[in-house]
Each structure stands twice: as structure tokens, then as C-alpha cells.
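Visitor: In my numbering, the protein residues as written are 10 to 574. Got a structure here, written out as C-alpha cells. Questions coming.
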Amino acid sequence: MKDLTNNPGELKDPKAMKHPSPGVFHEWPGIYSNDSLSFQSQKPPSGLPRSPETQIHSFRSKSNPEGLMSLDSSLVYQPTFGYIVKFFILIHRKFKAELDFHQRNAKEISGLQPDTIASTPELQTIKHMIYFDCFIIINKKENPNFMKIERIVKRFQLVCDVLKQAEASLSKVDASQCIFFRNETECLKSLMKILPPSLFQSENFSKICSELWRFIRKNHQDPSETLIQAPFENLKLFLYGISLPTSIFEDFPLHEAVYTSNLPMIRRICARENSPVFYSHVEQSDPAGVTPLMLAVMLGNKDAALILTNHGADPKHRAYPYARTPLEEAIERKRRGVIKVLLRANNIIKQVQWEENKHTLMELLRKLPDFSFEMGWECDSKIIPFVKRVAPSDTYKIYKLGSSLRIDLSLLGWSKLQSIRGNSSIIFNGFGNEDGGRLMMIHHDKGLSADLFEDACGLNLESKTEDLIKQDRMKSELRAENVIFKPALNWKGEIVTQNLDGYMTTKYNAKGTFSVLYTKRNILVDFDLNKFGNFQEYFESVLTLQDGKVFFNERNSRFFEPFQF
Numbered sequence: 010m011k012d013l014t015n016n017p018g019e020l021k022d023p024k025a026m027k028h029p030s031p032g033v034f035h036e037w038p039g040i041y042s043n044d045s046l047s048f049q050s051q052k053p054p055s056g057l058p059r060s061p062e063t064q065i066h067s068f069r070s071k072s073n074p075e076g077l078m079s080l081d082s083s084l085v086y087q088p089t090f091g092y093i094v095k096f097f098i099l100i101h102r103k104f105k106a107e108l109d110f111h112q113r114n115a116k117e118i119s120g121l122q123p124d125t126i127a128s129t130p131e132l133q134t135i136k137h138m139i140y141f142d143c144f145i146i147i148n149k150k151e152n153p154n155f156m157k158i159e160r161i162v163k164r165f166q167l168v169c170d171v172l173k174q175a176e177a178s179l180s181k182v183d184a185s186q187c188i189f190f191r192n193e194t195e196c197l198k199s200l201m202k203i204l205p206p207s208l209f210q211s212e213n214f215s216k217i218c219s220e221l222w223r224f225i226r227k228n229h230q231d232p233s234e235t236l237i238q239a240p241f242e243n244l245k246l247f248l249y250g251i252s253l254p255t256s257i258f259e260d261f262p263l264h265e266a267v268y269t270s271n272l273p274m275i276r277r278i279c280a281r282e283n284s285p286v287f288y289s290h291v292e293q294s295d296p297a298g299v300t301p302l303m304l305a306v307m308l309g310n311k312d313a314a315l316i317l318t319n320h321g322a323d324p325k326h327r328a329y330p331y332a333r334t335p336l337e338e339a340i341e342r343k344r345r346g347v348i349k350v351l352l353r354a355n356n357i358i359k360q361v362q363w364e365e366n367k368h369t370l371m372e373l374l375r376k377l378p379d380f381s382f383e384m385g386w387e388c389d390s391k392i393i394p395f396v397k398r399v400a401p402s403d404t405y406k407i408y409k410l411g412s413s414l415r416i417d418l419s420l421l422g423w424s425k426l427q428s429i430r431g432n433s434s435i436i437f438n439g440f441g442n443e444d445g446g447r448l449m450m451i452h453h454d455k456g457l458s459a460d461l462f463e464d465a466c467g468l469n470l471e472s473k474t475e476d477l478i479k480q481d482r483m484k485s486e487l488r489a490e491n492v493i494f495k496p497a498l499n500w501k502g503e504i505v506t507q508n509l510d511g512y513m514t515t516k517y518n519a520k521g522t523f524s525v526l527y528t529k530r531n532i533l534v535d536f537d538l539n540k541f542g543n544f545q546e547y548f549e550s551v552l553t554l555q556d557g558k559v560f561f562n563e564r565n566s567r568f569f570e571p572f573q574f
């Protein structure tokens, strides 16, 4: 029997329930002032024989005036199908409006840059979402097309399509009929009995149902335009590759499976096959920015890391700027077995991306006329003197013939504020070659050549791992951020053009922020994970990482409030 006053099960709020009193009526404020969650706990005074406790979750609506039925063993939710249909209809209506807005303003959205002053608040919000870089679940550098307006519109259209299918399926069911469930797993099983299995194969629909479950868990009123705003905003963020964490540990089943080393459960959740939850993204961060793969690294769980990477977890994913990647964390903690898993996974990711895009590159090169030219670049500053002496620079010699390409270069890397030089070439063999589509690196000084992807997957993981562990603890990194190319203008304000070998060219200026970071590596979460008795204790510690203050609190959060732009 659960003790509601000490462990409210699905209804969690450590702050509100820290010092409950027997027989007291508790009320939690929701995201909006008119949204509250109520329940009553009845408990005999201390010292008296303990009798069965009654747990009542008020779940009243126009179609369910009697509220949620009361059982002795646990909380039971009893929404009607009309309640669920109304949720889907309201969400669908909002997404249809968003889809129309994106389609009408596609050109302006495509031109949004970090320094763009948007013409409307709606466009300003979209700009923030495009360049938002905290709690992201998509590696935007590895997926540069993810934020193209065509892709965004397509994702919104898919959401509208699955909601329309769900509404059509539920229209055949008696709206006054109720379903009963105690937790997310039972809610999932109930909906799978009445909705087509094909709907649950959609990642978008699974995420929608996850938000439905959380909405039912938090609200006892009929869905309304006001109450539905929070799940709608969560779903909208999701379509932009953002997933803000909650302060409820049950919302992180994949983290819990990793923490308890429940390998079969990790597989089930990642593969979404017989999963106990609607949806859990493999890159979802907890409130401290720890992803399931990062947690596996911290625990030294090589098997969990292998399963996660096999299902798409990126060893170089950053949940927020300047956060450690799982690979960097593994190197710092000297987890040799985990490092090998992550290195192999990273190489496979790059090879898959190359295989998906190489034919597009070959076709593009084939259409262009043959050419050769030199391109020099260097860093300069009107404020800081002698930047050219310490900043990297190079001159590229580029040759194009048919669908093949060759680039000669000398800058191979950057370490400790010094350039690493060498006489090298990158050769891409296009159509008509025996090894067409291969990308080769030639080291002329050493007389060596290597396939940048195939050889990387078969590299000596032992030696590479040891090299990474032994590397200097002080790390330097050159970063270019918010780089924008704009046509150069002459003193008359006209665009500068020039005829080069019969080709009319335009001069562009690149403007951005270039920074050289020279920092000591540290550990993301510096505490002993073995001191916690279970995952809930670990999660509660995560919530109070910063000077005892809650890192992130779901019930007080609003759209983008935790971050400043």
C-alpha cells in the first residue's frame, strides 16, 4: 500500500510534499493560475493501529461529474474517450494554425539569422527555437538540413496527419466510455487496444500520447485552450529538436534502465518494441544535462553504452553549449571499454552520413564545369594586435575534374595555440572510377594514404584509446560561431563583383565570433553515483546540484523561462 503523503506515486512534487500533515488537503498550482491538482489523504494519528488508506484523485469533468473512482491499492485515472478526443482536437487545431503560419511566412523564416530583428513576436519565437542550444536532442551540426523550412513544415504536417487519423479512429467509440489505468504503462496498453497499431509506429504520435499522459496526470479538468498550451508548447519544441526536462523522475525511464543496468529494458525502450512507456528519446537530458549515454559513461556501463549507440545515441552529442560529450567524459574518467564503444559508434555515424550524401555530392560536381583555383584564408582583428601570428591560416589548392575533387592543404590541426602542419591532400573519387565515392587522405610527407571512413572503422582502437587517455588535460579548441556571409559593398554601397577567367564572381565578407578556448577538462557531475540507493535518490540529487536549489522545476516552468536570449 502506497503512503500518499510520503510517496504520492504518479503525483510527485518533493517541495509540496516535504512535510505533509495527516488528513490535510493538498493543492498544487499548475502552469497557469486556474490549473490545480487536488487530492486528499486520510491517515490515522501516530500511535493508533494503521488502517487502509484512501487515495482520491479528483478527476471531474462535464462528461465525468463523479470524478475518478477510488481504489484502496493505488491511484486510478478514469478519463473518458470524449476527454481524450477533445485533447487531440485542441492540439490538432493549434498545430494546424502553426502549419498555416509557417507556410505563409516560409520565406521570412528561411532568412532568420541570430542577429535578425523579427517583424512579429511569432517569428521572434521561431528564431529562438531555431538557434536554441540547450536540452537539444538533435545534433544540428551533423544534421544541417533539420532546420530548413521545408523540413519544419513537413514535421508539422505529419503531426496534423496523425492527429487526424487518431480523431477518426476515436470517433467510432462511445465518447462517454471510460478507460482505467494506474500508470503510463497501463495507459499505453489501453490506447493500443482502441487505436490502430500503425499510429504508434509514428514517433510524433508516440510523443503526443506521452504529453497526453502527462496532461492527465496533472489536470483534473476538461482540456481547454488554456490548459492545452503547455503540452502544445512541449510538442512544438520537440519538432524543433528541443526537449525540456521535467522534475519528475518517472519521466526518465531510459535513464532509470541505464542506472539499474536493465539491459533488456534499455533495448525495449530504444527500439520501441513492447516498451512500458509511450516515448523516450535516446538523447533526452535530465535536468542536469545528463543523457542516458552520458549516464552509462559515468557508471562505466559498457553494455548499456553499446545498446544506446546501436540505437542512435551520438558519442559527441552536447545537451547544451560547452557541456562535455559522452566521449569526452569517458576519456576524463578513463573508461577504456566505454571509449572503444564510443569511438567505433562515432566512426559508424560518420560513415553512414557519408554514404547518404556522397551521390548528391558527385552529381553536383558532375554538373559544374571543371576548374582549379587557390583560396587563402587567415584571421585578423582591428582591435587585438598580432592576431595573424597566433591564429591559424592556410592556402587551399582546389582541383575539380568531372565528379572528382582534390584539395591540397597544410593545416592539419590546432593544439596549444599552435598549428599542426603537414603536406597533405584530400581526394574524392567520383563517377567512372573503380573506387568511386571514396574519400581519401594522402600524407605526402609520410608516404601514407587512408580511406577517411573505412579505415577509421577498422582503426586500432587500443592505441587510439590510450592516446586519448594520455593526452594533455589542458585542452585548446578553436570555435567559430554565428558566422554570416554577406556581399561586400564598395564606397557607393554597391555589391563588389569581378570577372575571373570568364566567370562573374561576387565578393563576400564573413562576419562572426571566433574564439580560442584553452581550458582544463573537468567532470560533468562530480559525485559518487554509488552512494545512492536507487535511481530516485540520484535524480533528487540532480535536482539540487546548484547550491541546494532546484535546477529545473516543471510546475513553475513556462515557455523558455529557464533561459535568456
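Just so it is clear, CB atoms sit at the ideal spot from N, CA and C, and this is done for glycine as well.
Pairs of beta-carbons, one from the segment 258-275 and one from the segment 540-549, closer than 8 Å: are there three or more?
Guide: Yes: at least three Cβ pairs fall under 8 Å.
Visitor: Label Ser-128 either buried or exposed according to how many other C-beta atoms from any shown protein chain fall within 10 Å of its C-beta, with 16 as the threshold for buried.
Guide: Mapped onto the sequence shown, residue 128 falls at position 119. Ser-128 is exposed by the Cβ-count criterion.
Visitor: Rounded to a whole number of angstroms, what is the C-alpha to C-alpha distance between Met-201 and Phe-287?
Guide: As a first step, residue 201 must be located in the sequence shown, where it is residue number 192. As a first step, residue 287 must be located in the sequence shown, where it is residue number 278. Those two C-alpha atoms are separated by around 10 Å.
Visitor: Taking buried to mean at least 16 other C-beta atoms within 10 Å of its own C-beta, is Lys-210 buried or exposed?
Guide: If you number the sequence shown from 1, residue 210 lands on position 201. It is Gln, not Lys, that sits at residue 210 in the sequence shown. Under this definition Gln-210 is an exposed residue.
Visitor: Rounding to the nearest angstrom, what Cα-Cα distance links Leu-46 and Lys-216 in this structure?
Guide: By 1-based counting over the sequence shown, the position of residue 46 is 37. By 1-based counting over the sequence shown, the position of residue 216 is 207. With a pLDDT of 31 at Leu-46, under the threshold of 50, the predicted position of this residue should be treated as unreliable, though the coordinate-derived value follows. Cα to Cα, the separation comes out at about 23 Å.
Visitor: Which one of Leu-538, Phe-494 and Ser-119 has the shortest CA to CA distance from Asn-518?
Guide: Locating residue 518 in the sequence shown gives position 509, counting from the first residue. When each option's Cα is compared against that of Asn-518, the closest is Phe-494.
Visitor: Would you kindly work out how many angstroms separate the C-alpha atoms of Ile-251 and Ile-147, rounded to a whole number?
Guide: The residue you call residue 251 lines up with position 242 of the sequence shown. The residue you call residue 147 lines up with position 138 of the sequence shown. One C-alpha to the other measures close to 8 Å.
Visitor: Could you check how far apart the C-beta atoms of Asp-312 and Phe-261 are, in whole angstroms? I think they sit under 8 Å.
Guide: Here residue 312 is taken as the residue at index 303 of the sequence shown, counted from 1. Here residue 261 is taken as the residue at index 252 of the sequence shown, counted from 1. The pair is not a contact, with the Cβ atoms about 19 Å apart (cut-off 8 Å).
Visitor: DSSP has Ile-451 in a bridge; who is on the other side?
Guide: Here the question's residue 451 lines up with position 442 in the sequence shown. Beta-bridge pairing links Ile-451 to Ser-434 and Ser-458.
Visitor: Hey, could you find the ends of the beta strand (DSSP E) Leu-410 is sitting in?
Guide: Your numbering for residue 410 matches position 401 in the sequence shown. Unbroken beta strand (DSSP E) run through Leu-410: 402-410.
Visitor: Quick check on Tyr-547 - is its C-beta less than 8 Å from some C-beta in chain B?
Guide: In summary, chain B is missing from the structure at hand, where a single protein chain is found.
Visitor: Buried or exposed for His-453, going by 16 or more other Cβ atoms inside 10 Å?
Guide: Here residue 453 refers to the residue found at position 444 when the sequence shown is read from its first residue. Per the 10 Å Cβ criterion, exposed.
Visitor: Is the segment 271-280 touching the segment 237-249, taking contact as three or more C-beta pairs under 8 Å?
Guide: No contact exists between the segment 271-280 and the segment 237-249.
Visitor: From the DSSP secondary-structure annotation, give me the bridge partner or partners of Leu-414.
Guide: Residue numbering aside, residue 414 sits at position 405 when the sequence shown is read from its first letter. Leu-414 pairs with Lys-409 and Phe-437.
Visitor: Got a sec? Which residues, its chain only, sit under 7 Å from Asn-310 by beta carbon, not counting five neighbours each side?
Guide: In the sequence shown, counting from the first residue as 1, residue 310 sits at position 301. Within the same chain, Asn-310 has close Cβ partners Val-267 and Ser-270.
Visitor: Considering just the uninterrupted stretch of the beta strand (DSSP E) at Thr-506, what are its terminal residues?
Guide: Numbered from 1 along the sequence shown, position 497 holds the residue referred to as residue 506. Counting along the chain, the beta strand (DSSP E) containing Thr-506 begins and ends at 506-509.
Visitor: For Pro-330, which residues from the same chain have a beta carbon less than 7 Å from its beta carbon, with the 5 sequence-adjacent residues on both sides left out?
Guide: Residue numbering aside, residue 330 sits at position 321 when the sequence shown is read from its first letter. Asp-142, listed in sequence order.
Visitor: Hey, how far is the Cα of Met-307 from the Cα of Phe-380?
Guide: Locating residue 307 in the sequence shown gives position 298, counting from the first residue. Locating residue 380 in the sequence shown gives position 371, counting from the first residue. Looking at the two C-alpha atoms, the distance is approximately 50 Å.
Visitor: CA-CA distance, Pro-571 and Asp-476?
Guide: For the purposes of this step, residue 571 is identified with residue 562 of the sequence shown, where counting begins at 1. For the purposes of this step, residue 476 is identified with residue 467 of the sequence shown, where counting begins at 1. Bear in mind that the predicted position of Pro-571 carries a pLDDT of just 32, short of 50, making it unreliable; the figure below should be weighed with that in mind. Using only the alpha carbons, I get a separation of about 39 Å.
Visitor: How long is the line joining the alpha carbons of Asp-44 and Ile-135, rounded to whole angstroms?
Guide: The count along the sequence shown starts at 1 and reaches residue 44 at position 35. The count along the sequence shown starts at 1 and reaches residue 135 at position 126. Caution applies to Asp-44, whose pLDDT of 35 falls short of 50 and renders its modelled position unreliable; the value that the coordinates give is listed next. Their Cα atoms are separated by approximately 27 Å.
Visitor: Which term fits Asn-438, buried or exposed, when burial requires 16 or more other beta carbons within 10 angstroms of its beta carbon?
Guide: The residue labelled residue 438 in the question sits at position 429 within the sequence shown. Buried is the call here.
Visitor: Kindly list the residues whose CB is nearer than 6 Å to the CB of Ala-177, restricted to its own chain and excluding five residues on each side of it in sequence; keep chain order.
Guide: By 1-based counting over the sequence shown, the position of residue 177 is 168. Nothing listed; no residue qualifies.
Visitor: Smallest Cα separation from Arg-191: which of Trp-222, Ser-207 and Leu-172?
Guide: On the sequence shown, residue 191 is found 182 positions in, with the first residue counted as 1. Nearest option by C-alpha distance: Trp-222.
Visitor: The alpha helix (DSSP H) that contains Trp-222, what's its start and end?
Guide: Mapped onto the sequence shown, residue 222 falls at position 213. Unbroken alpha helix (DSSP H) run through Trp-222: 212-227.
Visitor: Asn-152: which of Asn-228, Val-350, Asn-539 and His-326 sits nearest, CA to CA?
Guide: For the purposes of this step, residue 152 is taken as the residue at position 143 of the sequence shown. Measuring from the Cα of Asn-152, the nearest candidate turns out to be His-326.
Visitor: With a CB to CB cut of under 8 Å and the five nearest residues on each side skipped, what residues in its chain are close to Thr-474?
Guide: Taking the first residue of the sequence shown as position 1, residue 474 is located at position 465. So the list reads Arg-345, Ile-348, Lys-349 and Leu-352, once near-sequence residues are dropped.
Visitor: I'd like the span of the beta strand (DSSP E) that includes Ser-381, first residue to last.
Guide: Counted from its first residue, the sequence shown places residue 381 at position 372. Start and end: 380-387.
Visitor: Below 7 Å CB to CB, which residues in the same chain sit around Trp-386 once its five sequence neighbours on both sides are set aside?
Guide: The residue you call residue 386 lines up with position 377 of the sequence shown. Correct list, in chain order: Ser-402 and Asp-403.
Visitor: Give the DSSP-derived three-state secondary structure of Leu-420 in the structure shown.
Guide: Counting from 1 along the sequence shown, the entry for residue 420 is found at position 411. Strand, per DSSP.
Visitor: How many angstroms separate the CA atom of Asn-114 from the CA atom of Leu-167?
Guide: Sequence index remark: in the sequence shown, residue 114 carries index 105 (1-based). Sequence index remark: in the sequence shown, residue 167 carries index 158 (1-based). When rounded, the distance between both Cα atoms is 19 Å.
Visitor: Given a cut-off of 8 Å on the beta-carbon distance, is the pair Gly-91 and Ser-180 in contact?
Guide: Stepping through the sequence shown from its first residue, residue 91 is reached at position 82. Stepping through the sequence shown from its first residue, residue 180 is reached at position 171. In this structure, Ser-180 does not lie closer than 8 Å to Gly-91 by Cβ.
Visitor: Given that a residue counts as buried once 16 or more other Cβ atoms are within 10 Å of its Cβ, and exposed if not, what is Lys-516?
Guide: To locate residue 516, count along the sequence shown from 1; it is residue 507. Exposed, since its Cβ has fewer than 16 Cβ neighbours within 10 Å.
Visitor: Mind reading off the beta-carbon distance from Leu-552 to Ser-199? Whole number of angstroms is fine, and I expect it under 8 Å.
Guide: Numbered from 1 along the sequence shown, position 543 holds the residue referred to as residue 552. Numbered from 1 along the sequence shown, position 190 holds the residue referred to as residue 199. Wrong, their Cβ atoms sit about 31 Å apart, outside the cutoff.
Visitor: Compare the beta carbon distance of His-101 and Lys-163 with 8 Å and say whether it is the shorter of the two.
Guide: Your numbering for residue 101 matches position 92 in the sequence shown. Your numbering for residue 163 matches position 154 in the sequence shown. No, Cβ-Cβ distance for His-101 and Lys-163 is not below 8 Å.
Visitor: DSSP beta-bridge partners for Cys-187?
Guide: Here residue 187 refers to the residue found at position 178 of the sequence shown. DSSP output for Cys-187 lists Thr-89 as bridge partner(s).
Visitor: Quick one, are the C-beta atoms of Gln-298 and Ala-322 less than 8 Å apart?
Guide: Stepping through the sequence shown from its first residue, residue 298 is reached at position 289. Stepping through the sequence shown from its first residue, residue 322 is reached at position 313. Per the sequence shown, residue 298 should be read as Gly rather than Gln. The answer is no: Cβ separation not under 8 Å.
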